[in-house]
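Before any comments, here is the structure.
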Amino acid sequence: MGWKMNPQSLLASAAINIGLALLILSLFSVLKKQPSNASVYYARPLSHRRQIPVHFPSSPLRRFLPSLSWVFRAFSVTEAQILDAHGLDSLVIIRLFKFGSVHLPTSSLSIKFFAVCSLVGLVVLLPVNYGAQEVQNGNYFTMDSFTISNVKIGSNRLWVHFACLCFISFYGMFLLYKEYNEILIRRIQQIQKLKNRPDQFTVLVREIPLCIEHKARDCCVDHFFRRHYPNTYRSYQMLYKTEELEESVSHAKSLSRKIEDMRKSCIANKSKNRLSLLGLLHRETSKADSDLLEEKLQALSHKIHQLQCRDMLQKKELPVAFVIFKSRSGAAAAAHLQQHSHPLLWITELAPEPRDVSWRNMRVSYRVVPLYRLGVVIAASLLTVFFAIPVTAVQGIAKYEKLKKWFPPATAVQLIPGLSSIVTGFLPSVVLKAFIYIVPFTMFAMAKIAGCIARSKEEMKACNMVFYFLVGNVFFWSVLSGSLLDLIGEFITQPKAIPTHLAGAVSAQADFFVTYILTDGLSGFSLEVLQPGMLIWDILKSCVYGSQRETSPYLYSFPYFRIIPLVSLSILIGIVYAVVAPLLLPFLIVYFCLGYVVFVNQIQDVYETTYQTCGQYWPYIHHYILLAIILMQITMIGLFGLKLKPAASISTIPLIMFTLMFNEYCKIRFLPSFHHYSLLDAAENDELDEKCGLLELHCENAMNAYCPPGLRPVNFMASESSSIPLVSP
Numbered sequence: 001m002g003w004k005m006n007p008q009s010l011l012a013s014a015a016i017n018i019g020l021a022l023l024i025l026s027l028f029s030v031l032k033k034q035p036s037n038a039s040v041y042y043a044r045p046l047s048h049r050r051q052i053p054v055h056f057p058s059s060p061l062r063r064f065l066p067s068l069s070w071v072f073r074a075f076s077v078t079e080a081q082i083l084d085a086h087g088l089d090s091l092v093i094i095r096l097f098k099f100g101s102v103h104l105p106t107s108s109l110s111i112k113f114f115a116v117c118s119l120v121g122l123v124v125l126l127p128v129n130y131g132a133q134e135v136q137n138g139n140y141f142t143m144d145s146f147t148i149s150n151v152k153i154g155s156n157r158l159w160v161h162f163a164c165l166c167f168i169s170f171y172g173m174f175l176l177y178k179e180y181n182e183i184l185i186r187r188i189q190q191i192q193k194l195k196n197r198p199d200q201f202t203v204l205v206r207e208i209p210l211c212i213e214h215k216a217r218d219c220c221v222d223h224f225f226r227r228h229y230p231n232t233y234r235s236y237q238m239l240y241k242t243e244e245l246e247e248s249v250s251h252a253k254s255l256s257r258k259i260e261d262m263r264k265s266c267i268a269n270k271s272k273n274r275l276s277l278l279g280l281l282h283r284e285t286s287k288a289d290s291d292l293l294e295e296k297l298q299a300l301s302h303k304i305h306q307l308q309c310r311d312m313l314q315k316k317e318l319p320v321a322f323v324i325f326k327s328r329s330g331a332a333a334a335a336h337l338q339q340h341s342h343p344l345l346w347i348t349e350l351a352p353e354p355r356d357v358s359w360r361n362m363r364v365s366y367r368v369v370p371l372y373r374l375g376v377v378i379a380a381s382l383l384t385v386f387f388a389i390p391v392t393a394v395q396g397i398a399k400y401e402k403l404k405k406w407f408p409p410a411t412a413v414q415l416i417p418g419l420s421s422i423v424t425g426f427l428p429s430v431v432l433k434a435f436i437y438i439v440p441f442t443m444f445a446m447a448k449i450a451g452c453i454a455r456s457k458e459e460m461k462a463c464n465m466v467f468y469f470l471v472g473n474v475f476f477w478s479v480l481s482g483s484l485l486d487l488i489g490e491f492i493t494q495p496k497a498i499p500t501h502l503a504g505a506v507s508a509q510a511d512f513f514v515t516y517i518l519t520d521g522l523s524g525f526s527l528e529v530l531q532p533g534m535l536i537w538d539i540l541k542s543c544v545y546g547s548q549r550e551t552s553p554y555l556y557s558f559p560y561f562r563i564i565p566l567v568s569l570s571i572l573i574g575i576v577y578a579v580v581a582p583l584l585l586p587f588l589i590v591y592f593c594l595g596y597v598v599f600v601n602q603i604q605d606v607y608e609t610t611y612q613t614c615g616q617y618w619p620y621i622h623h624y625i626l627l628a629i630i631l632m633q634i635t636m637i638g639l640f641g642l643k644l645k646p647a648a649s650i651s652t653i654p655l656i657m658f659t660l661m662f663n664e665y666c667k668i669r670f671l672p673s674f675h676h677y678s679l680l681d682a683a684e685n686d687e688l689d690e691k692c693g694l695l696e697l698h699c700e701n702a703m704n705a706y707c708p709p710g711l712r713p714v715n716f717m718a719s720e721s722s723s724i725p726l727v728s729p
């Protein structure tokens, strides 16, 4: 099976990761108690003007002692609290961790996937593997002693592995079905609860034709919908090319902030009663600078007024509009119908939530969006291919015997006792983790130029790209990097050999993935909760500005595009190795439990929910986990073939077919409800609003919700005494 990591390397990796995690988490628990760090560790409650949910200890000694209070607080948070305060998208993240962990508070299923897999693996598979005694490694046991590699060729013990494969596959599909159904029920309930959302009354219309008579598109929109939807159509909001206007508004806001800062500085200096000549000169200079900035602001506000005139805007019309209907059912019906015999005219779909709209991509023509997406796919594929270089280098570090042949000076590592264990056990996973840290941000930047109309769609596209990148590089590239080019050639000429080669490579890399899980979980999650980047930036700002500048909370949107793919990759590794190397599974339970605690804390105190898709991330997670189950089954076909058990390999094929059928059933049963707003639900919500007299109010709110950023009312405080906005809507 190739080179194996010795026990000393595994122990070194485990010890370093556990030690770092304990150190970082202890440091975090101390820093979280310091009031000066509230803008980093309590950004969300501070931004909402709410009281911080914990009290800072008054005793200096208690403030500098590590504690587990934040862990207990995370475990005490219920799913209902997360759903009410943060929405279904945040709950989906929490349930993703619960899928891979033991029974946690408020869990919908009493025992979760990897807890059961660990029980089966440790109680059933581990004795079967260890008792075979096929692998001998001198004076110590490698991880192979506890894997399927230790089972003799042709042994009937392999049928135990086949039985466990069937159990894990069916149990995984059972959990996926239950979770999909539960998330769908909660999605319907949340949509009903959020009846005041403007997107339920609004349809996005693209590729609007030009009105020949008026040389404009806005009148065309009004005529079309008044004619074809006379009973349900209400109004519309055209979109414009407002880059220059948005830039002017942004510049005006910046000037306004500078003027306000100068005023505060001037008031602070007056309160100190500085009557020195230097103080008077400074005050006069500040007043002159302030007057100059106010003149610039007045000129800029006049320019903004001109750009906001209707005549100027009409010249910059886009073939895009938000159309508002009097009822949800009217909007749902219009969104799902083809409006014109030409499929590239009057294209309608349900509008995204106002906070979720990607205004930048509204300028992209619908007809060229496929070209943008193709360009993004090509760029992501090239990044995946070129990333093979650092991955291969990482595997070279891990395979120390080969590294000594390629690079003879590496033998010097053996001169320091224990250093070779650190180099081969801990260093490869750290280097790999450092390389892949930038990948989600790169993919997200690519997704932003793919022409998606909503920020959530950009993040979902980034999730897909990052996940397949990680599967291709961290999983396949890592397990096959030893003889990559030869294997690619064989795969092209002999595709039937793929399961056999994959099985051998997967079995050989179990040790490496144990260290990867330890590094990604213990060290990675610990650094996530510590927020070292924000902490250092806050300290630097405090040193530069001192107490003169008010510290604002460091509030950012939850990074779905980073968290979902990384956690899904760990689930994939665990599922693939569930039958091959069950000793890896307890490490995954620790991984998911720590991840659960960390991200409950982050969702509660650090990250903001900037939009709500009502659970639309779950179909992607479902797909990733199902892909992992299929990959596990393909790997086992190869392993049974390597162990000369063709009957077991053949028996696994119907299991794969059943899994694929299950996937198709879930697509039919659940997926449409995540992509569309049903007419039945829309009509029921309309009836409830009519009884309460709220339908007209919600419709009016929708009319004002989709105003483009450059046309929204702004308020620039040009003088201390004036509160009248310089720019009106």
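Take the sequence shown: its position 104, counting from 1, is numbered 104 in full-length UniProt numbering, and each next residue is one higher.
Cβ atoms here follow ideal geometry from the backbone N, Cα and C, with glycine treated the same way.
Quick caveat, the model's predicted, so the values are computed rather than measured.
TODO: Flag this pair as yes or no: are the beta carbons of residue 437 and residue 330 separated by less than 9 Å?
DONE: When the beta-carbon positions are compared, residue 437 and residue 330 stay at least 9 Å from each other.
Open item on the list: Please list the terminal residues of the continuous alpha helix (DSSP H) segment that includes residue 207.
Closed with: Here residue 207 belongs to no alpha helix (DSSP H), and DSSP marks it neither H nor E.
- [ ] Tell me, to the nearest whole angstrom, how far the beta carbon of residue 316 is from that of residue 240; I am working on the premise that it is less than 8 Å.
- [x] Their Cβ separation, rounded to whole angstroms, is 5 Å, which keeps residue 316 and residue 240 in contact under 8 Å.
Task: Extent of the continuous alpha helix (DSSP H) run through residue 767 - done: For residue 767 there is no data in the structure shown, the boundaries of the chain being 1 and 729.
- [ ] Let me know the secondary structure DSSP gives residue 320 once reduced to three states.
- [x] The answer is strand: DSSP assigns residue 320 an E or B state.
Open item on the list: Taking the alpha carbon of residue 649 as the reference point, which residue from 74, 194, 159, 382 has its own alpha carbon closest?
Closed with: Check the Cα spacing between residue 649 and each of 74, 194, 159, 382: the tightest is with 159.
Task: Distance, residue 79 Cα to residue 183 Cα - done: Whole-angstrom Cα-Cα distance: 12 Å.
Task: Range covered by the alpha helix (DSSP H) that runs through residue 665 - done: Residue 665: member of the alpha helix (DSSP H) spanning 646-669, first to last residue.
Open item on the list: Quick check: residue 684 and residue 561, are their CB atoms within less than 9 Å of each other?
Closed with: Taking 9 Å as the Cβ cut-off, residue 684 and residue 561 do not qualify as a contacting pair.
Task: Nearest-angstrom beta carbon gap, residue 188 and residue 681 [assumed within contact, 8 Å] - done: Contact flag correct, Cβ pair sits at about 6 Å.
- [ ] Tell me, please, whether the stretch 322-329 touches the stretch 657-672 by the rule of three or more beta-carbon pairs shorter than 8 Å.
- [x] No, the stretch 322-329 is not in contact with the stretch 657-672.
Open item on the list: On a Cα-Cα basis, can you pick out the residue from 176, 68, 163 that is closest to residue 112?
Closed with: When each option's Cα is compared against that of residue 112, the closest is 176.
Open item on the list: What residue range does the beta strand (DSSP E) around residue 349 cover?
Closed with: Taken as a continuous stretch (DSSP letters only), the beta strand (DSSP E) holding residue 349 covers 347-350.
- [ ] Decide if residue 528 is buried, meaning its Cβ has at least 16 other Cβ atoms within 10 Å, or exposed.
- [x] Residue 528 should be labelled buried.
Open item on the list: Considering just the uninterrupted stretch of the alpha helix (DSSP H) at residue 237, what are its terminal residues?
Closed with: Segment 233-240 is the beta strand (DSSP E) holding residue 237; no alpha helix (DSSP H) there.
Task: Reduced DSSP secondary structure (H/G/I, E/B, other) of residue 211 - done: Three-state DSSP puts residue 211 in a strand.
TODO: Output the distance between the C-alpha atoms of residue 668 and residue 191, rounded to the nearest integer angstrom.
DONE: Taking the straight line from one Cα to the other gives about 21 Å.
- [ ] With distances taken Cα to Cα, identify the nearest neighbour of residue 70 among 165, 32, 651.
- [x] Nearest in C-alpha terms to residue 70, of all of 165, 32, 651, is 32.
Task: Check whether residue 231 and residue 698 have beta carbons under 9 Å apart - done: Against a cut-off of 9 Å, the Cβ pair of residue 698 and residue 231 comes out as no contact.
Task: Whole-number beta carbon distance between residue 608 and residue 555, since they are thought to touch under 8 Å - done: At roughly 5 Å, the Cβ-Cβ gap stays under 8 Å, so residue 555 and residue 608 are in contact.
Open item on the list: Is the beta carbon of residue 96 closer than 9 Å to that of residue 567?
Closed with: It is a contact, given that the beta carbons lie within the stated cut-off.
Open item on the list: Determine whether the beta carbon atoms of residue 585 and residue 631 lie at a separation below 9 Å.
Closed with: No, these two residues do not count as a Cβ contact at 9 Å.
Task: Beta-carbon spacing of residue 24, residue 673 below 9 Å - done: Taking 9 Å as the Cβ cut-off, residue 24 and residue 673 do not qualify as a contacting pair.
Open item on the list: Pairs of beta-carbons, one from the stretch 446-460 and one from the stretch 346-356, closer than 8 Å: are there three or more?
Closed with: The stretch 446-460 vs the stretch 346-356: in contact.
- [ ] Please go through the same chain and pick out, in chain order, the residues whose beta-carbon is closer than 7 Å to the beta-carbon of residue 613, but skip the five residues on each side of it.
- [x] The residues are 89, 456.
Task: Under the three-state DSSP convention, the category residue 387 falls into - done: DSSP, reduced to helix, strand and coil, places residue 387 outside both helices and strands of the structure shown, so it counts as coil.
- [ ] Find out if the Cβ-Cβ distance for the pair residue 467, residue 569 is shorter than 9 Å.
- [x] Contact check for residue 467 against residue 569 passes: the beta carbons are separated by less than 9 Å.
Task: For residue 561, three-class secondary structure by DSSP - done: Looking at residue 561 - three-state DSSP - the assignment turns out to be helix.
Task: Close beta carbons around residue 167, own chain, < 7 Å, minus the five adjacent residues each side - done: Cβ within range, chain order: 120.
Open item on the list: Going by DSSP, what residue range makes up the alpha helix (DSSP H) through residue 474?
Closed with: Element bounds for residue 474: n/a, residue is neither H nor E.
Open item on the list: So, with DSSP's three-state summary, where would you put residue 151?
Closed with: It is coil, neither helix nor strand.
TODO: To the nearest angstrom, report how far apart residue 372 and residue 465 are at their CA atoms.
DONE: C-alpha separation (whole angstroms): 15 Å.
- [ ] Assuming residue 615 contacts residue 246 (C-beta within less than 8 Å), just tell me the rounded distance between them.
- [x] Between residue 615 and residue 246 a beta carbon distance of about 32 Å is seen, past the 8 Å cut, so the two are scored as non-contacting.
Task: Cβ pair count under 8 Å reaching 3, the stretch 513-525 against the stretch 13-24 - done: Contact check between the stretch 513-525 and the stretch 13-24: three or more CB pairs, one atom from each, fall below 8 Å, which counts as touching.
Open item on the list: On the DSSP letters alone, give me the boundaries of the alpha helix (DSSP H) that residue 515 sits inside.
Closed with: It spans 510-518 - the alpha helix (DSSP H) in which residue 515 sits, taken as one unbroken run.
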